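Inspection log for the structure reproduced underneath, given as structure tokens.
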RNA sequence: GGUCCGAUCGUCUAGUUGGCCUAGGACGUGAGAUUUUCAUUCUCAAAAUCGGGGGUUCGAAUCCCCCUCGGACUACCA
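In the working numbering, the protein residues as written are 12 to 531.
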């Protein structure tokens, strides 16, 4: 990695990785690879109360499944480690101390209860409390208290947090690669907590310190971070790191498929599509959330679909491999508005990528279904069936339903199809079919001539009449590939057995109107 | 409530320096073709008064202003 383009994906291990997070990781990856830069995985676990065991492994497994690779990170190490913020804990204190010394931060002793009371008080007066340049002097902090008092409280071991001291009357401009310049007044920003009373930094502090230390050049993250971006810019300035501050790109959000709002876990459950890459069993509630992988989505399909949700190559190309995406990706082509998630399009992508799989791969996906139905079949046969039938499916789970009749006789005959296709007098024809099968050489051309040409002509039938009933006997429904191809695949004995079984099960219907079919 | 961001077919979007836009593509939908059936495939169609209103200009989806609507944020969460 020759140049100094370095990006990071920095999730919190608070649960399964949301599909929006996956897209953020993907865009970071695409950008890094294209620029010949480095991709880093950093775990932001500064909130011990929200830590969920297994989440970190889940994140790594999901991204690995999708082919999103890292150059440095918790799981592989690297020259800028450790890459887990809880392992970097000791590091952050000196930086908040530096801010304290330089007058960019201050101690605040207000307890959560006091803050809550303050908020209530403001609410009563129909105002909103914000800990900022207007209110900080009425609070318990090193700005309002005397030096001795502050020293005393510190020595007594009183709980405190360290807050950022936003300067007054300053315009702060964040240059965003997607949105251009975003400017905010410092007077409206609140004095965010940088260092918590539990000895851990907050996101804001840890994030800036780590991005700086890890020499991150581009911060590509969700739009939800835009409101706090001015704080981050200010922090770089306060630390004196303005010259090496990374560039920002705030990605549009992924929205619910219907209505409005951010895509959430509940939507997936409700609308029947995954919002997570992998299945996730919540360790606390025992609740299972479905993942793309387990639903039968191909990783390439998920990657392609996600890439196009908020970005496009500027051409009409839609099917793109990871390598093509890397070549084509461009931050300038990322859209500004949120994208509603579309299930149908996701399905279509999967169908497209399933067609790209070779027959061996399809057969591999099909194997468990065969096992489930206690069927053993020659590998070549399975391979042939898969190759023939894959174009009909969007998910591997549909394989059995569209191909079962290649492996076992129909268990029942669709009543609607019987009514529509098994016309009066059909058993007579079917017996003839058996006869022909028994006498004519069992080859495609010979059968075609005997069945579809000679027999039909001599009986003044049209093709549909006899073929559909024949198909019904073999499949149980009127669906499937070219009939004679199916017949050849099944073999003579199996074909005859199925027709005879259909004759005895379906039998003769509506014998009274016998002449209907003769008459075409 | 406050701050910020956004707004082109039902959905994802093209449109980046205003004219080539009577707004293009894809998904989905409808019709037709192909086939012995179903599916696939192919062809065609419907679908956006470019959220609304004002400007600027010879000319605006594209620039400016206002309004409306939507979203994010507003924690000792990230």
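A virtual CB, placed ideally from N, CA and C, is assigned to each residue, including glycine. Being a predicted model, the structure only gives us computed values, none of them experimental.
Query	Result
Status (buried if at least 16 other CB within 10 Å, exposed otherwise) for residue 388	exposed
Three-way DSSP call (helix, strand, coil) for residue 304 in this model	coil
With 16 other Cβ atoms within 10 Å as the buried cut-off, status of residue 153	buried
Contacts around residue 76, its chain only, beta-carbon distance under 8 Å, and the 5 residues preceding and following it disregarded	288, 289, 304, 310
Beta-carbon gap between residue 510 and residue 439 smaller than 9 Å	no
For residue 61 and residue 25, believed in contact at Cβ under 8 Å, the rounded distance	5 Å
Sequence-distant residues of the same chain with beta carbon closer than 6 Å to residue 523, five excluded per side	Confidence at residue 523 is low in this model, with a pLDDT of 40, below 50, so its placement is unreliable and the value that follows should be read with caution. Taken in chain order, the list of residues that qualify is empty.
Burial state of residue 123, where buried means 16 or more other Cβ atoms lie within 10 Å	exposed
Cα-Cα separation, residue 321 to residue 334	18 Å
Reference residue 401; option with closest CA among 385, 420, 372	372
Bounding residues of the alpha helix (DSSP H) (the contiguous stretch that carries residue 44)	30-46
Terminal residues of the alpha helix (DSSP H) in which residue 250 lies	240-250
Reduced DSSP category for residue 19 - H, G, I as helix; E, B as strand; rest coil	strand
For residue 52 and residue 85, believed in contact at Cβ under 8 Å, the rounded distance	6 Å
Segments of 4+ residues assigned as alpha helix (DSSP H) that fall wholly inside the region 78-115	100-112
C-beta atoms of residue 237 and residue 261 nearer than 9 Å	yes
Distance CB(residue 462)-CB(residue 477) smaller than 9 Å	yes
Ranges of the beta strand (DSSP E) found wholly within the region 428-481, counting only runs of at least 3	none
Status (buried if at least 16 other CB within 10 Å, exposed otherwise) for residue 135	exposed
Where residue 232 sits in the DSSP three-state scheme	strand
Beta-carbon proximity of residue 173 to residue 119, cut-off 9 Å	yes
Proximity winner among 30, 336, 448, 39, relative to residue 17 (alpha-carbon distances)	39
Rounded separation between residue 410 and residue 339 - CA only	34 Å
Own chain partners of residue 258 with C-beta closer than 8 Å, once the 5 adjacent residues on each side are dropped	186, 188, 228, 229, 230
Opening and closing residue of the beta strand (DSSP E) in which residue 261 lies	258-262
Inter-residue Cα distance where the pair is residue 515 and residue 430	16 Å
Counted within 10 angstroms of its Cβ, other Cβ atoms place residue 79 as buried (16 or more) or exposed	buried
Any 3 or more C-beta pairs closer than 8 Å across the region 87-105 and the region 204-224	yes
Backbone secondary structure at residue 174 - three-state DSSP	strand
Whole-number beta carbon distance between residue 157 and residue 147, since they are thought to touch under 8 Å	Not confirmed; about 15 Å, so no contact.
Classification of residue 23 by the beta-carbon crowding that lies within 10 angstroms, buried from 16 upward	buried
One or two residues paired with residue 424 in a DSSP bridge	None; residue 424 has no bridge partner.
Beta-ladder partner(s) of residue 182, from DSSP	196
Per-residue burial, residue 194 [other beta carbons within 10 Å of its own, 16 or more giving buried]	exposed
Nearest-angstrom Cα separation, counted from residue 342 out to residue 29	22 Å
DSSP state of residue 361 mapped onto helix, strand, coil	helix
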